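Remarks on the structure that follows.
2 protein chains.
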Amino acid sequence: MEKDTSVADRLARMKVNYMKEGMRTSVDGILLVQEHNHPHILLLQIGNTFCKLPGGRLKPGENEIEGLRRKLCSKLAANSTSFQPNWQIGECVAIWWRPNFETVMYPYCPPHITKPKECKKLFLVHLSEREYFAVPKNLKLLAVPLFELYDNVQRYGPVISTIPQQLSRFQFNMVGMELLDNDPATYLKNKTWVKETNPCLERKIRQRVLTPLSGLSLSLSFAPREFVVPAPPTNGEQERRQPKSGVLAVGIGGVGLH
Amino acid sequence: MEKDTSVADRLARMKVNYMKEGMRTSVDGILLVQEHNHPHILLLQIGNTFCKLPGGRLKPGENEIEGLRRKLCSKLAANSTSFQPNWQIGECVAIWWRPNFETVMYPYCPPHITKPKECKKLFLVHLSEREYFAVPKNLKLLAVPLFELYDNVQRYGPVISTIPQQLSRFQFNMVGMELLDNDPATYLKNKTWVKETNPCLERKIRQRVLTPLSGLSLSLSFAPREFVVPAPPTNGEQERRQPKSGVLAVGIGGVGLH
Numbered sequence: 001m002e003k004d005t006s007v008a009d010r011l012a013r014m015k016v017n018y019m020k021e022g023m024r025t026s027v028d029g030i031l032l033v034q035e036h037n038h039p040h041i042l043l044l045q046i047g048n049t050f051c052k053l054p055g056g057r058l059k060p061g062e063n064e065i066e067g068l069r070r071k072l073c074s075k076l077a078a079n080s081t082s083f084q085p086n087w088q089i090g091e092c093v094a095i096w097w098r099p100n101f102e103t104v105m106y107p108y109c110p111p112h113i114t115k116p117k118e119c120k121k122l123f124l125v126h127l128s129e130r131e132y133f134a135v136p137k138n139l140k141l142l143a144v145p146l147f148e149l150y151d152n153v154q155r156y157g158p159v160i161s162t163i164p165q166q167l168s169r170f171q172f173n174m175v176g177m178e179l180l181d182n183d184p185a186t187y188l189k190n191k192t193w194v195k196e197t198n199p200c201l202e203r204k205i206r207q208r209v210l211t212p213l214s215g216l217s218l219s220l221s222f223a224p225r226e227f228v229v230p231a232p233p234t235n236g237e238q239e240r241r242q243p244k245s246g247v248l249a250v251g252i253g254g255v256g257l258h
Numbered sequence: 001m002e003k004d005t006s007v008a009d010r011l012a013r014m015k016v017n018y019m020k021e022g023m024r025t026s027v028d029g030i031l032l033v034q035e036h037n038h039p040h041i042l043l044l045q046i047g048n049t050f051c052k053l054p055g056g057r058l059k060p061g062e063n064e065i066e067g068l069r070r071k072l073c074s075k076l077a078a079n080s081t082s083f084q085p086n087w088q089i090g091e092c093v094a095i096w097w098r099p100n101f102e103t104v105m106y107p108y109c110p111p112h113i114t115k116p117k118e119c120k121k122l123f124l125v126h127l128s129e130r131e132y133f134a135v136p137k138n139l140k141l142l143a144v145p146l147f148e149l150y151d152n153v154q155r156y157g158p159v160i161s162t163i164p165q166q167l168s169r170f171q172f173n174m175v176g177m178e179l180l181d182n183d184p185a186t187y188l189k190n191k192t193w194v195k196e197t198n199p200c201l202e203r204k205i206r207q208r209v210l211t212p213l214s215g216l217s218l219s220l221s222f223a224p225r226e227f228v229v230p231a232p233p234t235n236g237e238q239e240r241r242q243p244k245s246g247v248l249a250v251g252i253g254g255v256g257l258h
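Protein sequence lines correspond, in order, to chains A and B. Using UniProt numbering, the first residue of the first sequence is number 1, and each one after it goes up by one. Using UniProt numbering, the first residue of the second sequence is number 1, and each one after it goes up by one.
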C-alpha cells in the first residue's frame with residue numbers, strides 16, 4: 001500500500017521525517033529489459049497514471065547499495081526465499097536534488113541552497129538471465145520503452161523521462177536474438193547493434209549486454225520478456241507487508257509500444 | 001564563418017556528405033567553468049540566438065579523441081603556438097542519433113532505423129588551471145550555468161539542455177574558493193560541496209574538481225573566470241581559417257545569471 005493518499009500528505013510526512021532525521025536520501029533502480037529490439041525500463045504503476053522506479057528511502061546511515069537491495073526486494077521479490085532475484089547494483093547514473101518540501105527536483109543542488117531536503121540517486125541494476133518478480137497487488141509492473149519515456153515529462157516527470165539521455169552513452173549489444181519475431185539480418189545492418197557473441201535462442205528469455213563506450217566495462221543482463229510467475233508459497237511462509245499478485249502482466253500495450 | 005547560412009543548406013550538405021562518406025560522426029566538448037558557486041558550460045553563440053558546443057564532424061576514419069582535439073583547437077585555440085590549451089579529453093557522457101536528414105535527434109537509435117545519418121558524441125574536456133582561448137570574430141563564447149540550461153529545450157535544444165542531467169552523477173568538489181565573493185562557511189554547510197583540500201586563493205583563477213560518485217576517479221579543472229586574452233602573434237604567424245577576436249568577453253549577463 002502506498003503510505004500517502006495525496007501529494008500534500010507525502011510532503012507533510014517528508015517534513016516530519018526531515019525534522020527527525022535530516023535530509024532524506026532515496027535510491028531507485030533502473031532495471032532494463034528488451035522488447036522488440038529496443039531497451040525498456042521497468043516501472044511500477046500506481047492507479048492508472050503515476051509511474052515510479054522501484055526503490056525508496058534509505059534508513060538513516062544505511063549503505064546505498066544495501067538499502068537499494070532491501071527496497072528492490074520489498075517491491076519486486078517474491079515472498080518465497082527460493083525466488084529471490086540476484087540483484088547486482090551497478091553504477092549511479094543520475095542524482096536529483098529536492099531543495100524544498102515541494103515536488104520539484106533538480107539534477108544539481110541549486111546555488112544558495114545549503115540544506116536540500118532530499119537527494120535521490122538512480123542506479124543501474126543488472127539482472128540475471130532469468131529472474132522471478134512479484135508485484136504488490138495495488139501496483140502494475142510495466143516495461144516502458146525508451147522512446148516512450150523520451151521527451152515525455154508530462155507523463156513520467158523529469159526524473160524518469162530523462163533516463164534515455166542518461167543511458168545514451170552505453171552501447172546496447174545484443175547477445176540473444178528475437179529470432180521468432182524478427183529477421184536477425186536487420187540487426188546486423190544497424191551499426192548500433194553489435195553482432196551477438198553467444199546467441200541464446202530460448203524463447204522468452206533474452207539476455208542483452210550493455211557496453212559503455214568510454215572506460216568502463218559494464219555488463220547488463222536484460223530481464224526475461226515475460227516475467228516468470230513464482231508458485232504460491234507452500235511452506236506456510238507469511239505474506240510480508242501485503243499480498244502480492246500472482247499474475248505478473250507486463251503491460252506493454254498500455255504505454256505506447258508499436 | 002559558419003559553413004551554412006540556413007538549416008536547409010546544412011541538411012542538404014549533410015545529405016551530400018552522407019552519399020560520399022556514410023554516417024556522419026561528430027564530437028562535441030563539454031568544457032566546465034565555475035562562476036558564483038555553480039558549474040557553467042562553455043557555449044559558442046552564433047548571432048543572438050543559436051548556441052552550440054565546441055566540436056564538429058570527424059573526418060572519415062578519424063579517431064574520436066584526436067578529432068575532438070583538432071576541432072577544439074580550430075574553434076577555441078589562439079593562433080600562436082605558445083597559447084595552445086592543454087585539452088584533456090575525458091569520458092563520453094552522451095550519444096545522440098539523427099535517424100533522417102532532419103534536425104531532430106534522439107538519445108538512442110530508434111528501433112527499425114538501420115541507417116542513421118549521424119552519431120554525435122559528447123565528451124567531458126578537462127581544462128588546466130589556466131587556459132588561453134581565442135574565439136572566431138563571428139562567435140561569442142558564453143559560460144552558461146547549469147540552472148539556465150536545465151529544462152530549457154526551447155532555447156538550447158534537446159542536446160545541450162539535458163547536459164545538467166548527464167553531469168548530475170558527478171559530485172562537484174571545490175578546490176579553490178571564491179573567498180572574495182562568498183563566505184566559505186556557506187559551502188561547508190552544504191553537503192554537496194566538499195571541504196577544500198588545496199585552496200587556491202588567486203583571484204580570477206579557480207580550480208574545481210569533479211569526482212564521480214561511482215567507480216571512476218575523474219578530476220576536472222575549471223577554466224579561469226575571465227579568460228586570458230593572448231597577445232597578438234608577433235612572429236608573423238598567419239591567421240588560420242579566419243581572424244579571431246582579441247576581446248574574449250564571457251557573456252554571463254545574457255544568459256540569465258543573477
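Every residue, glycine too, gets a C-beta built ideally from N, C-alpha and C. Keep in mind it's a predicted model, so treat the numbers as computed, not measured.
Short CB-CB distance (under 7 Å) between residue i and chain A
i	result
Met19 of chain B	no
Gln154 of chain B	no
Gln34 of chain B	no
Val100 of chain B	For the sequence presented, residue 100 of chain B should be read as Asn rather than Val. No - not a single Cβ of chain A is within 7 Å of the one on Asn100 of chain B.
Ser168 of chain B	yes
Sequence-distant residues of the same chain with beta carbon closer than 8 Å to residue i, five excluded per side
i	result
Pro60 of chain B	Glu21, Gly22
Gln165 of chain A	Tyr150
Asn100 of chain A	Lys117
Arg13 of chain A	Lys3, Asp4
His112 of chain B	none
Residue i, DSSP secondary structure in three states
i	result
Glu118 of chain B	strand
Lys20 of chain A	helix
Leu127 of chain A	coil
Ala143 of chain B	strand
Tyr150 of chain A	coil
Ser6 of chain B	coil
Ser161 of chain A	helix
Proximity test, Cβ basis, 7 Å: residue i and chain B
i	result
residue 271 of chain A	No statement about residue 271 of chain A is possible, as the shown extent of chain A runs from 1 to 258 and does not include it.
Val40 of chain A	Rather than Val, the amino acid found at residue 40 of chain A in this sequence is His. False, the Cβ-Cβ gap to chain B never drops below 7 Å.
Leu146 of chain A	yes
Asn37 of chain A	yes
Val194 of chain A	Per-residue confidence for Val194 of chain A stands at a pLDDT of 25, beneath the threshold of 50, marking its modelled position as unreliable; the derived number appears in the next sentence. No, Val194 of chain A does not count as interfacial toward chain B.
Val27 of chain A	no
6 Å CB neighbourhood of residue i in its chain, flanking five on each side removed
i	result
Lys121 of chain A	Val27, Cys92, Ile95
Val25 of chain A	Checking the displayed sequence, the identity of residue 25 of chain A turns out to be Thr instead of Val. Hits under 6 Å: Leu58, Cys119.
Tyr106 of chain A	Trp97
Gln88 of chain A	His126
is_contact[residue i, chain D] using C-beta, thresh 7 Å
i	result
Leu127 of chain B	You won't find chain D in this structure, because its protein chains are A and B.
Close beta carbons around residue i, own chain, < 7 Å, minus the five adjacent residues each side
i	result
Ile163 of chain A	Ile30, Ile41, Leu149
Arg10 of chain A	Asp4
Ile65 of chain A	Ile89
Asn17 of chain A	Arg24
Leu68 of chain B	Val27, Gly29, Gly55, Ile89, Phe123
Distance cut-off 6 Å: residue i Cβ against heavy atoms of the ligand ADP
i	result
Phe123 of chain A	The ligand ADP is not part of the structure shown, which contains no ligands of any sort.
Uninterrupted alpha helix (DSSP H) stretches inside the segment 34-112 of chain A (no shorter than 4 residues): 64-76
Check each residue of the segment 76-98 of chain B: if its Cβ is closer than 9 Å to any Cβ of chain A, include it; give the result in chain order. Gly90, Glu91, Cys92, Val93, Ala94, Ile95, Trp96, Trp97
Near-chain A residues of the segment 108-137 of chain B - C-beta to any C-beta below 9 Å: Tyr108, Cys109, Pro110, Pro111, His112, Ile113, Thr114, Lys115, Pro116, Cys119, Lys121, Leu122, Phe123
Counting only Cβ-Cβ distances shorter than 9 Å, please list the residues of the segment 42-55 of chain B near chain A, keeping chain order. none
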